[in-house]
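Novice:
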Amino acid sequence: MMKQKRQFPSIILIFILLVSIQVAASDIENLQRAFTDLRFGMFIHFGIRTFTGGSWGEANQDVTAFNPTNLDCGQWADAAVSANMTFGILTTKHHDGFCLWDSETTENDVASSPWKEGQGDVVQEYVDAFRSRGLEPCLYYSIWDNTKGIGNGDITESDMEFIIDQMTEILSNYGPIKMLFIDGWSWKMGHRKVPYDEIRELVKELQPECLLVDNTHIPCLFNNDLIHYEAGGSCPPDNTLPAMLSKLIYTTGGNSWFWDGNIPTANLMSVNSIVSSNLNYLEPRWCTFLLNCPPNSNGLLDENIVNRLVEVGENWSPDLSRPALPAQEPQIENVILPVSASATSGNAFHAIDAVNDRFYYSVWESSANLPQSITLNLGLEIPDVSILYYVPKYIPMVNPQEEGSIQSYKIYASGDNIDFSEIAKGEWSGDTKMKVAIWTPINARYIRLEILTAVDDFAAVTELAIGRGEVSSEVKTGFNQPHGFTCIRIIPIRSIQIQ
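Heads up: the sequence shown at position 239 corresponds to 238 in numbering that gives the first Met the number 0, and the numbers run straight through without jumps.
Laid out in structure tokens, this is it:
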């Protein structure tokens with residue numbers, strides 16, 4: 000019998016202006032520092048593909064195949080403890096759309112499976128087991144839902160309601176969640192089709208101390224609270240940003256990230272590889288190591304994985320003498336998504352399309368001699384605009400290209416796109432790292448970035464972001480900001496109307 004789905008409350012965005020505050024370090028930076036101190040965690044890919052196999056993200060899989068009769072999340076947690084791990088990340092929903100909780104939004108979930116006669120909740124059992132062992136439970140959620148069709152074309156209003164309702168469920172029913180890992184977003188549809196600012200506001204409202212991480216494949220903090228290096232990538236030796244690297248525990252055999260029948264006899268990463276080549280390498284670089292250990296169709300970790308984790312714990316423990324994550328550049332805590340952009344040359348929209356340029360080349364490049372400028376339209380006059388992010392030309396993890404990287408600039412603001420006032424100026428190193436500029440908070444509808452000089456005498460912009468942030472002039476020095484001001488913080492709040 001079909002489940003009766005209840006209607007979720009409608010969501011209305013409003014803004015509340017809070018008092019002026021000045022802090023020694025931003026809230027987000029403290030959360031990032033705490034996460035980097037976790038050092039080592041378990042990535043847990045578990046879902047319908049554990050039982051059906053099939054190709055990556057295959058739609059419309061048979062939900063009745065899901066039946067982990069011996070599910071024991073306590074065994075997962077015990078194995079994590081044995082390796083000196085401190086947290087886990089569970090795939091609450093992968094690209095196939097199957098939910099490990101009883102969702103009011105879909106029949107593609109555990110409630111439609113024979114497991115526990117449709118009364119089970121894997122997410123609940125996971126968070127309970129990990130917390131009982133002193134481990135931090137984090138969650139993974141895929142916005143791309145191949146069964147529902149979300150991400151395979153234009154995003155409709157009903158698609159957004161579906162996404163918001165599902166994220167509200169997993170962030171409302173399982174206690175404090177310190178990190179939400181989203182996949183199938185930036186690289187599949189971009190942060191404009193599914194607006195980054197709206198998703199971020201929802202997450203921070205429901206879980207104020209939750210880090211929002213998108214699997215962007217771009218090694219910078221653009222629209223991200225943490226950098227994620229996926230299997231095959233690596234953290235650079237000079238890294239000082241909050242980051243994590245995920246890898247598979249098996250080196251041969253296996254169905255990618257999920258379990259299959261080959262894993263019980265698969266070749267696993269050696270203890271030396273896990274400890275020396277990953278944990279010991281990453282720890283001084285403030286990069287947390289995430290080791291994927293997929294449970295089998297009985298709901299248990301295979302014996303070879305359990306034994307390997309015990310061996311890791313016997314050979315590694317965290318280096319408590321490592322200093323805390325260094326002070327970070329100012330970060331955008333309240334994002335403003337421009338509605339349009341114009342430029343003196345080139346296609347300006349490429350600088351605000353919010354598409355992951357690892358797969359889609361959409362970089363704004365000037366086509367005339369410098370200076371050149373690009374103007375962002377915020378849609379309406381916004382109070383307390385104070386920060387700009389600049390991502391240079393696409394940042395590949397191998398052979399980065401520095402051409403077009405901005406070296407000197409001026410920033411202007413306007414309320415009518417006619418009269419502009421200079422609000423900031425400065426210089427950046429001509430490399431591929433993301434750059435930040437901040438200024439005294441102002442009211443503005445238009446922000447203009449004028450490029451004075453750049454590498455190879457032309458300007459290239461992968462993405463620009465505008466927002467509000469909390470900045471302390473005492474600790475955030477050297478980042479092109481004035482001294483002695485206090486940031487007005489505007490936090491988006493959602494009022495709930497019960498239907």
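Even glycine gets a Cβ: it sits at the ideal position worked out from N, Cα and C.
Excluding sequence positions up to five away, which residues of its chain have a Cβ less than 6 Å from the Cβ of residue 296?
Specialist: The answer, listed in chain order, is 49 and 50.
Novice: As a quick exercise: from 435, 354 and 452, pick the residue whose alpha carbon is nearest that of residue 183.
Specialist: Looking at the Cα atoms, 354 is the closest of the given residues.
Novice: Would you kindly report the start and end of the unbroken alpha helix (DSSP H) that includes residue 31?
Specialist: Residue 31 -> alpha helix (DSSP H) spans 26 to 35.
Novice: Go ahead and pull the three-state DSSP assignment for residue 110.
Specialist: In this structure, residue 110 counts as helix in the three-state DSSP scheme.
Novice: Compute the distance between the beta-carbons of residue 466 and residue 279, then report whether it is under 8 Å.
Specialist: No, the Cβ-Cβ distance between residue 466 and residue 279 is not below 8 Å.
Novice: Look at the alpha carbon of residue 141 and the alpha carbon of residue 372, and state the distance between them as a whole number of angstroms.
Specialist: Taking the straight line from one Cα to the other gives about 37 Å.
Novice: Let's test the definition: count the other Cβ atoms within 10 Å of the Cβ of residue 360 and tell me whether it reaches 16, buried, or not, exposed.
Specialist: Label assigned to residue 360: exposed.
Novice: Is it buried or exposed for residue 283, if we count other Cβ within 10 angstroms and need 16 for buried?
Specialist: Flag for residue 283 reads exposed.
Novice: Could you tell me how far apart the beta carbons of residue 181 and residue 214 are, in whole angstroms, since I believe they sit closer than 8 Å?
Specialist: Indeed, because the Cβ distance is near 7 Å, the residues count as touching under 8 Å.
Novice: My output table needs one value for residue 335: the three-state DSSP class, helix, strand or coil.
Specialist: DSSP places residue 335 in strand when its eight states are reduced to three.
Novice: Could you tell me the distance, in whole angstroms, from the CA atom of residue 376 to the CA atom of residue 413?
Specialist: Cα to Cα, residue 376 sits roughly 10 Å from residue 413.
Novice: Using only alpha-carbon positions, find the residue among 203, 207 and 212 that is nearest to residue 190.
Specialist: Closest option to residue 190, Cα to Cα, is 212.
Novice: Comparing alpha-carbon positions, which option in 123, 291, 384 and 125 lies nearest residue 39?
Specialist: Checking every option, the nearest Cα to that of residue 39 belongs to 291.
Novice: Leaving out the 5 sequence neighbours to the left and right, which residues in its chain are closer than 6 Å to residue 476 when beta-carbon positions are compared?
Specialist: Low per-residue confidence applies at residue 476: pLDDT is 28, beneath 50, and the placement is therefore not dependable enough to give any value.
Novice: Quick check: does the Cβ of residue 429 come within less than 7 Å of any heavy atom belonging to the ligand FAD?
Specialist: Looking for the ligand FAD in the displayed structure turns up nothing, as the structure carries no ligands at all.
Novice: Start and end of the alpha helix (DSSP H) containing residue 51?
Specialist: Here the alpha helix (DSSP H) through residue 51 covers 48 to 51.
Novice: Cα-Cα, which of 217, 89, 138 and 422 is closest to residue 438?
Specialist: Answer by Cα proximity: 422.
Novice: For a quick check, are the C-beta atoms of residue 316 and residue 344 less than 8 Å apart?
Specialist: No, the pair does not count as a contact, with Cβ atoms beyond the cut-off.
Novice: Give me the Cα-Cα distance between residue 340 and residue 120, rounded to the nearest whole angstrom.
Specialist: Residue 340 and residue 120: Cα-Cα distance of roughly 46 Å.
Novice: Which value, in whole angstroms, describes the spacing of the CA atoms of residue 461 and residue 65?
Specialist: Between residue 461 and residue 65, the C-alpha separation is close to 42 Å.
Novice: For residue 378, which of helix, strand or coil comes out of DSSP?
Specialist: In this structure, residue 378 counts as strand in the three-state DSSP scheme.
Novice: Give the single residue among 132, 194 and 168 whose Cα lies nearest to the Cα of residue 159.
Specialist: The option with the nearest alpha carbon to residue 159 is 194.
Novice: Please report the distance separating the alpha-carbon of residue 402 from that of residue 221.
Specialist: The straight-line gap from Cα to Cα measures roughly 19 Å.
Novice: Determine the contact status of residue 453 and residue 311, defining contact as a CB-CB distance below 8 Å.
Specialist: Taking 8 Å as the Cβ cut-off, residue 453 and residue 311 do not qualify as a contacting pair.
Novice: What residues are listed by DSSP as bridge partners for residue 136?
Specialist: 87.
Novice: So what's residue 317 in DSSP terms, helix, strand or just coil?
Specialist: Residue state, collapsed to three classes: coil.
Novice: When you compare the CB positions of residue 247 and residue 258, do they come within less than 8 Å of one another, or not?
Specialist: No.
Novice: What residues in its chain sit with their C-beta under 7 Å from that of residue 350, if we drop five residues either side in the sequence?
Specialist: Excluding residues within five positions, the ones whose Cβ falls inside 7 Å are 340, 363, 373, 460, 462 and 463.
Novice: Apart from the five residues just before and just after residue 249, which ones in its own chain have a Cβ nearer than 7 Å to its Cβ?
Specialist: Around residue 249: 262, 265, 266 and 267.
Novice: Note down the Cα distance separating residue 245 from residue 44, rounded to an integer number of angstroms.
Specialist: Distance between the alpha carbons of residue 245 and residue 44 is about 12 Å.
Novice: Using the Cβ count rule (16 or more neighbours within 10 Å means buried), how would you classify residue 427?
Specialist: Result: buried.
Novice: Runs of 4 residues minimum, wholly inside the stretch 401 to 425: which ones carry the alpha helix (DSSP H) assignment?
Specialist: Segments of the alpha helix (DSSP H) lying fully in the stretch 401 to 425: there are none.
Novice: With distance defined between alpha-carbon atoms, name the residue in 224, 218 and 223 nearest to residue 234.
Specialist: The shortest C-alpha separation from residue 234 is found at 218.
Novice: Residue 170 and residue 206: beta carbons closer than 8 Å?
Specialist: Yes, the pair counts as a contact, with Cβ atoms nearer than the cut-off.
Novice: Would you kindly report the start and end of the unbroken beta strand (DSSP E) that includes residue 434?
Specialist: Residues 434 to 453.
Novice: Whole angstroms is fine: what's the gap from residue 36's alpha carbon to residue 285's?
Specialist: About 8 Å.
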